[in-house]
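S.K.: Structure in structure tokens, see below.
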Amino acid sequence: MALRVKAVERLLKFDKESAGKYRYVMKPELYTSLDQKKVIREAALRSGVSQGVMKACWDAAGEVIKAWATEGHSVALPGLGTMRFGLRSKAVEDVNDVKTSLISSRRIIFTPSVDLKDELANTAIQITCYDRNGEEVKRVTSTSGDVEDSENEGSNENENQNGGGSSNTNPTNPTNGGGSENQTLTSPSINGNASFAESTQVSMSGPDGAEIHYTTDGSTPTVLLQER
173 MALRVKAVER
183 LLKFDKESAG
193 KYRYVMKPEL
203 YTSLDQKKVI
213 REAALRSGVS
223 QGVMKACWDA
233 AGEVIKAWAT
243 EGHSVALPGL
253 GTMRFGLRSK
263 AVEDVNDVKT
273 SLISSRRIIF
283 TPSVDLKDEL
293 ANTAIQITCY
303 DRNGEEVKRV
313 TSTSGDVEDS
323 ENEGSNENEN
333 QNGGGSSNTN
343 PTNPTNGGGS
353 ENQTLTSPSI
363 NGNASFAEST
373 QVSMSGPDGA
383 EIHYTTDGST
393 PTVLLQER
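In the working numbering, the protein residues as written are 173 to 400.
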């Protein structure tokens, strides 16, 4: 079993005025969607119980998790982590202005367990690289989270210089800002961790010339992306 990843050559723009540069952007390969019947059938085979019993347990667990999560509980998901209710809303200064219309979205927050994180970190990775024309140009594999073995050793000069690893130290890092492709930039410094009820001040700083991309909802920051 391995995590399948694809690296696709895309034109990245670091601002609206720049011409952009081509970089290999990595993303997970999407697997076939598994429906509930298939999951229940596989779980029944592994547990030794009938599919009817497994479906009844599945439905009952789903109803309990849904009810408790929407009531504000952090609910344990066996072998996976916990799930809880969350929301996004606007902040107001006057308590009299607090109203339900300030809530912009309601969502479910999933927190993976340590075991699940370890399993993900220890799973082998297979990367297939495609150029801007959609042609496969390289494959790399690993036995852990670090790319260790190239299936196309010696395929380019940078690879040999880097000891058979990836041709770029950080090819998808948007903070490269169009500089050297083998340049590694330090992480930005973020100051501000005081507890707050409505608002607080946070400052961020990084190396000269670097662009800092951030989000406030835990998602992965991205740069402006334009297809070829």
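By construction, the Cβ of each residue, glycine as well, lies at the ideal position given by its N, Cα and C atoms.
Quick one, which of E265, V264 and H245 has its alpha-carbon nearest R256's?
M.R.: H245
S.K.: Once DSSP output is grouped into helix, strand and coil, what is the label at S219?
M.R.: helix
S.K.: Suppose the cutoff is 7 Å on Cβ atoms and the five residues either side in sequence are ignored; what does the same chain contact list for N334 look like?
M.R.: Annotation note: pLDDT 37 at N334 (below 50); position unreliable, no value reported.
S.K.: Determine the direct distance from the alpha carbon of T295 to that of V236, and round the result to whole angstroms.
M.R.: 32 Å
S.K.: Only counting the same chain, and skipping five residues up and downstream in sequence, which positions put a Cβ closer than 6 Å to that of P343?
M.R.: In this prediction, P343 scores a pLDDT of 41, lower than 50, which makes its location untrustworthy; the coordinate-derived value is nonetheless stated afterwards. So the qualifying residues of the chain are R195 and Y196.
S.K.: Mapping DSSP to helix, strand and coil, what is L202?
M.R.: coil
S.K.: Taking buried to mean at least 16 other C-beta atoms within 10 Å of its own C-beta, is M376 buried or exposed?
M.R.: exposed
S.K.: Classify E291: buried if its beta carbon has 16 or more other beta carbons within 10 angstroms, exposed otherwise.
M.R.: exposed
S.K.: Thinking C-beta only, is I275 closer than 7 Å to S261?
M.R.: yes
S.K.: Work out the CA separation of V247 and W240 for me, nearest whole Å.
M.R.: Approximately 7 Å, taken between the alpha carbons.
S.K.: Among K227, A263 and G306, whose alpha-carbon lies nearest the alpha-carbon of D207?
M.R.: K227
S.K.: Would C301 and A174 be called neighbours here (beta carbons separated by less than 7 Å)?
M.R.: At a Cβ-Cβ threshold of 7 Å, C301 and A174 do not count as neighbours.
S.K.: Checking 7 Å against the spacing of the C-beta atoms, do E181 and R304 come in under that value?
M.R.: yes
S.K.: Can you list, in chain order, the stretches of the alpha helix (DSSP H) that have 4 or more residues and sit fully within the stretch 213 to 260?
M.R.: 223 to 242
S.K.: Once you ignore the five residues that flank V270 on each side, which residues in its own chain have a CB closer than 7 Å to its CB?
M.R.: Around V270: V264.
S.K.: Any idea what DSSP makes of A179, helix, strand or coil?
M.R.: Of the three classes helix, strand and coil, the one that applies to A179 here is strand, per DSSP.
S.K.: Is T272 helix, strand or coil when you go by DSSP?
M.R.: helix
S.K.: Which word fits I299, buried or exposed, when buried means at least 16 other C-beta atoms lie within 10 angstroms of its C-beta?
M.R.: buried
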